[in-house]
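Notes follow once the structure below has been shown.
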Amino acid sequence: MALLFALCVLVSDAATDEAIALETSRSVPKQIIVELAPGVTVAEVNASHDTRVQERFLNRADTNIFLLGIEDGSSVQDKLDEITGGGLVTYAERNYLSSAPEADARHHAFPAGSATPTTQNYSRDSSYDDSALNLSAAREISNGAGTTVAVLDTGAQLDHPKLRARFSGVPGYDFVSDDANPSEPPLAEPDELRDQEVVGHGTHVAGIVRLVAPRADLMPLRVLDRKGYGSTFHVAEAVTFADVKGADVINLSLGMPSWSQLLGDKVEVAIGHGAVVVAAAGNYDSPRPQYPASKGRFVWVAAEDDGLLAVTSVDPDGKKSGFANYGKWVDIAAPGERILSTYPPSKHAYWSGTSMATPFVAGEAALIHAVARSLPPAGVELRIRAGARCLDDKNPSLPPQSLGAGHADIGASLEGDEGQRCNLLPST
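Take the sequence shown: its letters are residues 1336 to 1763, numbered as in the numbering used here.
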């Protein structure tokens, strides 16, 4: 059961029960992901289970991870049951994908007119005060120079005037079309079609990272199609690509409600190699963990120092956004309502969602990395959490620590200040 999607909404309406009652049977038809057991060849698997190779992980000849097509008419579940009992693989799973029932999350951003984002004007009507994140104070300490933030999303407008210098010379890739050009496709015409797509999402997310860390390089990796959907196989490939190409921070403004062994493993490897991974908590107004933002299938409490940050959204008063997920598995909160950022073609727009909150924290991680390069991902996360302001008193209807350590304070984290963060509760 899973849906991989761009975590954004047009307005702050709470999700309905139907929006979190996700279907359990939908995945990419006739596809499974396998990791071969030691000493086993993919030819043996195909011969034993009537499958064929559709993709090798990152097209590597020496990989032990494959996307296989089912050739004998079996259902995905039947093939998984069969292949996991054959002793040839260490694990097998669906290549998760679904379109229902998240249609409400696929609205395009709304125009900003002549407005452009600054540290004191990054939301509609400047709803969030500069002090919400202490962005101005942060800019006096670090601008993110020398760091690279990978943005795994719908691609990006690579020649956007505000972004092109940050994309210049940085490797990118399109895992949807399997080519080296991660540009976003053109906006659909007419507007009715555009409203059913999320083209521009990646450009918007990249612009938020740039707002926070204006000198950080941006690595554009397209993993979501024009309607905001992708597969776990391609997202996992992109995480590994970002890792291998030296990204210091990986921004995942996307997610799914079911655990993927492959994606979880590749996130762990990237963190082990030094990348901070920042992921959206989701837009279901639900306490249910989303992945890869949450650490693992049965992990319902965030760790303070695992290098993985689950980000949810709050309004200008520090209250949980109506659409935002919550729970002790969340690490941190940031602004996510009507955020002003870059948008194609060469414009700016407002957009809402935990997708928008996430790159504020990714940019924060880049700023910290730029001035404290010896800090491992765990140390960067500890700095982010330490500077946060607890929001429990502003959200009395929620269980304690449902918004993690609290509201991100970028200035405080850079200065090494201890904020008034919420302390982790023991797991129950």
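Just so it is clear, CB atoms sit at the ideal spot from N, CA and C, and this is done for glycine as well.
- [ ] Return helix, strand or coil for residue 1755, following the three-state DSSP convention.
- [x] Translated into the one-based positions of the sequence shown, residue 1755 becomes position 420. Reduced to three states, the DSSP call for residue 1755 is strand.
Task: Complete runs of the beta strand (DSSP E) confined to the stretch 1537-1576 [at least 3 residues] - done: Secondary structure within the stretch 1537-1576: the beta strand (DSSP E) runs of 3 or more consecutive residues, fully enclosed, are 1552-1557 (chain order).
Task: When 1380, 1424, 1546, 1709 are compared against residue 1456, the one with the closest alpha-carbon - done: One-based indexing of the sequence shown puts residue 1456 at position 121. The candidate whose alpha carbon is nearest that of residue 1456 is 1546.
Open item on the list: Can you tell me where the alpha helix (DSSP H) holding residue 1417 begins and where it ends?
Closed with: Here residue 1417 refers to the residue found at position 82 when the sequence shown is read from its first residue. In the DSSP assignment, residue 1417 falls within the unbroken alpha helix (DSSP H) covering 1411-1419.
- [ ] In the DSSP assignment, find the beta strand (DSSP E) that holds residue 1484 and state where it starts and stops.
- [x] The sequence position of residue 1484 within the sequence shown is 149, counting from 1. Secondary structure note for residue 1484: its beta strand (DSSP E) is the uninterrupted segment 1483-1488.
Task: Where residue 1712 sits in the DSSP three-state scheme - done: Here residue 1712 corresponds to residue number 377 of the sequence shown, with the count starting at 1. Reduced to three states, the DSSP call for residue 1712 is helix.
Open item on the list: Taking 9 Å as the threshold (beta carbon to beta carbon), is residue 1693 in contact with chain D?
Closed with: Absent here is chain D; the protein component of the structure consists of one chain.
Open item on the list: If distances are taken between C-alpha atoms only, which option among 1377, 1656, 1663 comes closest to residue 1759?
Closed with: On the sequence shown, residue 1759 is found 424 positions in, with the first residue counted as 1. When the alpha-carbon of residue 1759 is set against those of 1377, 1656, 1663, the nearest one is in 1663.
TODO: Please state whether DSSP places residue 1746 in a helix, a strand or coil.
DONE: As a working note, residue 1746 is residue 411 in the sequence shown. Residue state, collapsed to three classes: helix.
Task: First through last residue of the beta strand (DSSP E) which encompasses residue 1425 - done: Taking the first residue of the sequence shown as 1, we reach residue 1425 at position 90. That run of the beta strand (DSSP E) goes 1424-1431.
TODO: Could you check how far apart the C-beta atoms of residue 1385 and residue 1407 are, in whole angstroms? I think they sit under 8 Å.
DONE: The residue given as residue 1385 occupies position 50 in the sequence shown. The residue given as residue 1407 occupies position 72 in the sequence shown. Yes, residue 1385 and residue 1407 are in contact; Cβ-Cβ is about 4 Å, under 8 Å.
- [ ] Compare the C-alpha of residue 1538 against each of 1371, 1678, 1711 and name the closest.
- [x] Taking the first residue of the sequence shown as position 1, residue 1538 is located at position 203. Residue 1678 is the option with its Cα nearest to residue 1538.
Task: DSSP three-state assignment for residue 1329, whether helix, strand or coil - done: Because the chain in this structure spans residues 1336 to 1763, residue 1329 falls outside the shown range and cannot be described.
TODO: Pull up the DSSP beta-bridge partners for residue 1402, would you.
DONE: For the purposes of this step, residue 1402 is taken as residue 67 along the sequence shown, with counting starting at 1. Residue 1402 has 1368, 1390 as its beta-bridge partners, per DSSP.
Task: CA-to-CA distance, residue 1383 to residue 1329, given in whole angstroms - done: Residue 1329 is absent from the model: the chain starts at 1336 and stops at 1763.
Task: Rounded C-alpha distance that separates residue 1641 from residue 1713 - done: On the sequence shown, position 306 is the one that residue 1641 refers to. On the sequence shown, position 378 is the one that residue 1713 refers to. In this structure, the alpha-carbon of residue 1641 lies about 5 Å from that of residue 1713.
Task: Cutoff 6 Å; reference residue 1718; Cβ partners in own chain excluding five residues on either side - done: Position 383 of the sequence shown, counted from the start, is the residue given in the question as residue 1718. For residue 1718, the CB contacts under 6 Å within the same chain, skipping 5 residues up- and downstream, are 1703, 1748 in chain order.
Open item on the list: If I measure Cβ to Cβ from residue 1365 and keep anything under 8 Å in the same chain, skipping five residues before and after, which residues do I get?
Closed with: Here residue 1365 refers to the residue found at position 30 when the sequence shown is read from its first residue. Take residue 1365, set aside five residues on each side of it, and the residues of its chain with a beta-carbon closer than 8 Å to its own are 1404, 1405, 1411, in chain order.
Task: the stretch 1726-1738 touching the stretch 1453-1469, judged by at least three CB pairs closer than 8 Å - done: Counting C-beta pairs with one atom in each stretch, the stretch 1726-1738 and the stretch 1453-1469 have fewer than three that are closer than 8 Å, which means they do not touch.
Open item on the list: Within a Cβ cutoff of 7 Å, which residues of the same chain sit near residue 1446, ignoring the five residues on either side of it in sequence?
Closed with: Along the sequence shown, one-based indexing puts residue 1446 at 111. If we look at residue 1446 and ignore the five residues flanking it on each side, its Cβ neighbours are 1684.
TODO: Kindly indicate which residue of 1636, 1611, 1612, 1613 has the alpha-carbon position closest to the one of residue 1623.
DONE: If you number the sequence shown from 1, residue 1623 lands on position 288. Here the closest residue by C-alpha is 1636.
TODO: List the DSSP bridge partners of residue 1615.
DONE: Along the sequence shown, read from residue 1 onward, the residue named residue 1615 stands at position 280. Answer is 1646, bridged to residue 1615.
Open item on the list: I'd like to know if the stretch 1550-1561 and the stretch 1574-1581 are in contact, where contact means that at least 3 CB-CB pairs between them fall below 8 Å.
Closed with: The stretch 1550-1561 vs the stretch 1574-1581: in contact.
Task: Option in 1701, 1615, 1510, 1647 with minimal Cα separation from residue 1661 - done: Numbered from its first residue, the sequence shown carries residue 1661 at position 326. The shortest C-alpha separation from residue 1661 is found at 1647.
Task: Residue from 1552, 1542, 1607 with nearest C-alpha to residue 1588 - done: Numbered from its first residue, the sequence shown carries residue 1588 at position 253. The residue with the shortest Cα to Cα distance from residue 1588 is 1542.
TODO: Inspect the beta-carbon positions of residue 1388 and residue 1375 and report whether they are closer than 9 Å.
DONE: To locate residue 1388, count along the sequence shown from 1; it is residue 53. To locate residue 1375, count along the sequence shown from 1; it is residue 40. Here residue 1388 is not near residue 1375, since their CB atoms are 9 Å or more apart.
Open item on the list: For residue 1591, list the residues DSSP reports as bridge partners.
Closed with: Taking the sequence shown and counting its residues from 1, one reaches residue 1591 at position 256. Answer is 1626.
Open item on the list: For residue 1608, count the other beta carbons within 10 Å of its own beta carbon; 16 or more makes it buried, fewer makes it exposed. Which is it?
Closed with: Position 273 of the sequence shown, counting from 1, holds the residue named residue 1608. Exposed is the call here.
Task: Cβ pair residue 1659, residue 1692 closer than 9 Å - done: Counting from one through the sequence shown, the residue named residue 1659 turns up at place 324. Counting from one through the sequence shown, the residue named residue 1692 turns up at place 357. Taking 9 Å as the cut-off, the Cβ atoms of residue 1659 and residue 1692 count as close.
Task: Residues of its chain near residue 1616, where Cβ-Cβ distance is below 7 Å and the 5 sequence neighbours each way are ignored - done: Numbered from its first residue, the sequence shown carries residue 1616 at position 281. Within the same chain, and ignoring the five residues on either side of residue 1616 in sequence, the residues whose Cβ sits closer than 7 Å to its Cβ are 1625, 1628, 1645, 1646, 1647, 1659, 1660, 1665, 1689.
Open item on the list: Quick check on DSSP: helix, strand or coil for residue 1381?
Closed with: Here the question's residue 1381 lines up with position 46 in the sequence shown. When DSSP states are grouped into helix, strand and coil, residue 1381 belongs to the helix group.
Task: Rounded separation between residue 1443 and residue 1529 - CA only - done: Along the sequence shown, read from residue 1 onward, the residue named residue 1443 stands at position 108. Along the sequence shown, read from residue 1 onward, the residue named residue 1529 stands at position 194. The C-alpha of residue 1529 is placed about 7 Å away from the C-alpha of residue 1443.
- [ ] Determine the extent of the beta strand (DSSP E) in which residue 1373 is found, giving its start and end residues.
- [x] For the purposes of this step, residue 1373 is identified with residue 38 of the sequence shown, where counting begins at 1. No beta strand (DSSP E) contains residue 1373, which DSSP labels as neither H nor E.
Open item on the list: Using the three-state DSSP reduction, which class does residue 1454 fall into: helix, strand or coil?
Closed with: For the purposes of this step, residue 1454 is taken as the residue at position 119 of the sequence shown. Of the three classes helix, strand and coil, the one that applies to residue 1454 here is coil, per DSSP.
Open item on the list: Need the endpoints of the alpha helix (DSSP H) that residue 1705 sits in, please.
Closed with: Here residue 1705 is taken as the residue at index 370 of the sequence shown, counted from 1. Looking at the DSSP string, the run of the alpha helix (DSSP H) that includes residue 1705 is 1689-1706.
Task: Beta-ladder partner(s) of residue 1509, from DSSP - done: Along the sequence shown, one-based indexing puts residue 1509 at 174. DSSP lists 1514, 1557 as partners of residue 1509.
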